[in-house]
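Only one structure is covered here, and it is reproduced in the block below.
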Amino acid sequence: MTNILTAYLVEVERRTIRIVTIDPGDILAEIRRQIGCELIDMVRIDRNHCIAVDDNGLTDELPCFTELKGYGSPLAGNLLIIGTDAAGETVSPSHAIEDNAAMLMIRYPVLSPEFEMLNGPTVFGSRVSGLSVKLIGAIPTVLTEERAH
Numbered sequence: 001m002t003n004i005l006t007a008y009l010v011e012v013e014r015r016t017i018r019i020v021t022i023d024p025g026d027i028l029a030e031i032r033r034q035i036g037c038e039l040i041d042m043v044r045i046d047r048n049h050c051i052a053v054d055d056n057g058l059t060d061e062l063p064c065f066t067e068l069k070g071y072g073s074p075l076a077g078n079l080l081i082i083g084t085d086a087a088g089e090t091v092s093p094s095h096a097i098e099d100n101a102a103m104l105m106i107r108y109p110v111l112s113p114e115f116e117m118l119n120g121p122t123v124f125g126s127r128v129s130g131l132s133v134k135l136i137g138a139i140p141t142v143l144t145e146e147r148a149h
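In terms of the UniProt record's numbering, the sequence shown is residues 1 to 149.
Below, the structure is given as structure tokens:
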């Protein structure tokens, strides 16, 4: 086992993905620290990759969520993509960070004002009569080391 492993951290509110290092001495604590939660769940991407996700993330109010291609449920909170070997041990991911980013779509709400026209003897113009909500999608931006800080 090497002294340092790498993983890909998806910070959903920033809509970014970047390489992080994790200490293999206590992988579970490192995963919790990276994604910022106590209870985690693992979502399998393929035979050699998993996403660590907040197990209770969908029970909270969500500013955004992530869709994984081919996976039916949304993922909430920050995500950590890790590699796994044939024995199920955690290793560094073998796919490029860009390939992992392309499998993800971060969805976030945008409010759009709706206007009504005012046309009367003393009032002319428009005013906001309501707001509509639409979901926008973005693939996470890959941050290099110099762009991550």
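For glycine and all other residues, C-beta sits at the position ideal for the given N, C-alpha and C.
{"Check": "Here's the rule I'm using: 16 or more other beta-carbon atoms within 10 Å means buried, otherwise exposed. How should R14 be labelled?", "Outcome": "exposed"}
{"Check": "Are at least three pairs of beta-carbons, each pair with one atom in the stretch 99-108 and one in the stretch 128-144, less than 8 Å apart?", "Outcome": "yes"}
{"Check": "When you compare the CB positions of V142 and E98, do they come within less than 8 Å of one another, or not?", "Outcome": "yes"}
{"Check": "In whole angstroms, give me the CA-to-CA distance for L67 and I17.", "Outcome": "The sequence shown places Glu at residue 67, not Leu. Using only the alpha carbons, I get a separation of about 14 Å."}
{"Check": "Can you say whether L131 is buried or exposed, counting buried as having 16 or more other CB atoms within 10 angstroms of its CB?", "Outcome": "exposed"}
{"Check": "I need the straight-line Cα distance from D41 to C50, nearest angstrom please.", "Outcome": "10 Å"}
{"Check": "Tell me which residue opens and which closes the alpha helix (DSSP H) that I4 is part of.", "Outcome": "No alpha helix (DSSP H) contains I4, which DSSP labels as neither H nor E."}
{"Check": "Determine which residues share a DSSP beta bridge with A138 and list them.", "Outcome": "I106"}
{"Check": "Starting from the Cα of C37, find the closest Cα among N56, C64, A87 and give me that residue.", "Outcome": "N56"}
{"Check": "For P121, count the other beta carbons within 10 Å of its own beta carbon; 16 or more makes it buried, fewer makes it exposed. Which is it?", "Outcome": "exposed"}
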